[in-house]
Each structure stands twice: as C-alpha cells, then as structure tokens.
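First the structure, in the form of structure tokens, and then the observations on it.
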Amino acid sequence: MDCNCLPKRENVKIGVEGIDGSGKTTFINHLQEEVYEGAPVMHCFSKNFKPPWTTKKELLAGIDRVIQATRIWWASKTNDVVLLDRTFISGMVYSRYFSNAYPWFDYLQRKFAAPETLYFIDIDCVTASERRDEYDIETLRELNYRYKQQINKYYDMVSKITVNNQPVIVFRYKD
Numbered sequence: 005m006d007c008n009c010l011p012k013r014e015n016v017k018i019g020v021e022g023i024d025g026s027g028k029t030t031f032i033n034h035l036q037e038e039v040y041e042g043a044p045v046m047h048c049f050s051k052n053f054k055p056p057w058t059t060k061k062e063l064l065a066g067i068d069r070v071i072q073a074t075r076i077w078w079a080s081k082t083n084d085v086v087l088l089d090r091t092f093i094s095g096m097v098y099s100r101y102f103s104n105a106y107p108w109f110d111y112l113q114r115k116f117a118a119p120e121t122l123y124f125i126d127i128d129c130v131t132a133s134e135r136r137d138e139y140d141i142e143t144l145r146e147l148n149y150r151y152k153q154q155i156n157k158y159y160d161m162v163s164k165i166t167v168n169n170q171p172v173i174v175f176r177y178k179d
C-alpha cells in the first residue's frame with residue numbers, strides 16, 4: 005500500500021472497520037505482514053455476543069468491551085503500532101442496532117481505545133452478503149449506513165484508496 009495516509013509516529017492505534025464480510029481480517033493481515041511487521045492485532049471484543057439480546061448479555065458485552073479497551077490502551081503504550089480488528093465504532097453500530105446497550109461502555113471504549121487512524125472498507129453489501137450470509141442485504145445496508153454516521157461523528161476523512169480492488173476510506177480521529 006503506497007499512500008501518505010500511514011501514521012508515522014510511535015504508540016499509535018490503527019483501526020479497520022466495515023460490515024461483516026467486508027474483508028477486515030484480510031486487510032489487517034496485509035497491514036501486519038507488509039506495512040507494520042510484527043505489530044500486534046487486537047480486537048475490541050473478546051467474545052462475539054449475538055442476538056437475541058438479554059440484559060445479562062448486554063451487560064457482559066459491555067464489560068468485555070471495557071476490559072478489551074484497557075488491554076488496547078496498555079498495548080498502545082508498549083508498542084509502536086497496534087492494529088485493531090474492529091473498534092468502538094462496531095460496538096456502537098451493532099449494539100445499538102440489535103439492543104439498547106449501555107452508552108457509557110461506548111464512551112469508555114472510545115476514551116481508552118479509539119484509533120488515531122481508521123480504515124473503513126466500503127464494500128458493496130451484496131458482495132459482503134455473498135462472503136458471509138449471516139445477515140440479509142437490507143440489514144447490511146442499514147449497518148453500513150450506521151457505520152458511516154458514527155464514523156463521521158468522530159473522524160475526518162483524509163483520503164480514499166483502493167486495496168485489492170476494494171474501496172477503503174481513510175479517516176483521522178477528531179481531537
């Protein structure tokens with residue numbers, strides 16, 4: 005990947021976002037192998053909590069997000085670069101779509117684990133659905149729309165690039 009959108013300083017968190025089936029893991033692997041050799045890859049969730057949601061599941065998912073945010077914060081203090089496979093944005097998009105999750109979890113996760121640079125894989129929802137048939141196309145469209153809404157609240161767009169014939173939008177965190 006050749007662009008001026010790569011962070012140059014130390015102790016930086018770089019996040020990759022997109023709907024399920026967008027190619028986040030492939031993109032993260034590319035960054036780790038080709039750009040930031042040996043950088044740790046971390047996830048904003050250690051468990052994948054799925055609907056149907058209950059109060060207990062919502063609380064456990066929120067606690068999990070706070071624990072992971074603390075781990076990410078610590079990793080960013082002890083490594084030059086930390087790659088994030090999903091960020092607090094995913095928590096906001098999915099938890100609010102499928103439940104009435106506690107918003108203070110979002111706040112804590114954002115304060116401790118928000119990446120300075122965010123790559124959003126802007127995949128066509130039909131293609132994503134073909135890759136992973138977990139959600140119907142209309143749900144994916146709604147989730148993709150919500151991603152863009154949440155990202156624009158906290159990030160400024162820097163550029164658009166293409167990686168493996170896939171459009172990727174690069175954002176910087178608003179301070």
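If you want our numbering, it's the 1-based position in the sequence shown plus 4.
Cβ coordinates follow ideal geometry from the N, Cα and C atoms, glycine included.
DSSP three-state assignment for residue i, whether helix, strand or coil
i, result
"S163", "strand"
"T82", "helix"
"I71", "helix"
"R90", "coil"
"D6", "Summary for D6: the model assigns pLDDT 49, below 50, so the residue's position carries little reliability, and this model does not support an answer."
Unbroken alpha helix (DSSP H) run spanning residue i, endpoints
i, result
"I155", "I141 to Y158"
"R176", "Note, R176: premise wrong, no alpha helix (DSSP H); beta strand (DSSP E) at Q170 to Y177."
Beta-carbon separation (whole angstroms), residue i vs residue j, contact threshold 8 Å
i, j, result
"I76", "A43", "The pair is not a contact, with the Cβ atoms about 13 Å apart (cut-off 8 Å)."
"L122", "E21", "6 Å"
"I127", "G27", "7 Å"
Opening and closing residue of the beta strand (DSSP E) in which residue i lies
i, result
"T29", "Unbroken run through T29 is the alpha helix (DSSP H), K28 to H34; no beta strand (DSSP E)."
"E21", "V16 to E21"
"V130", "From DSSP, V130 is part of no beta strand (DSSP E) but of the alpha helix (DSSP H) over C129 to R135."
Close Cβ partners of residue i (< 6 Å) along its chain, the five nearest in sequence each way excluded
i, result
"R114", "F92"
Residues sharing a beta bridge with residue i, DSSP
i, result
"T121", "I18 and R176"
Contact set for residue i: own chain, Cβ-Cβ below 7 Å, skip 5 residues either direction
i, result
"V45", "I32, Q36, L87 and D89"
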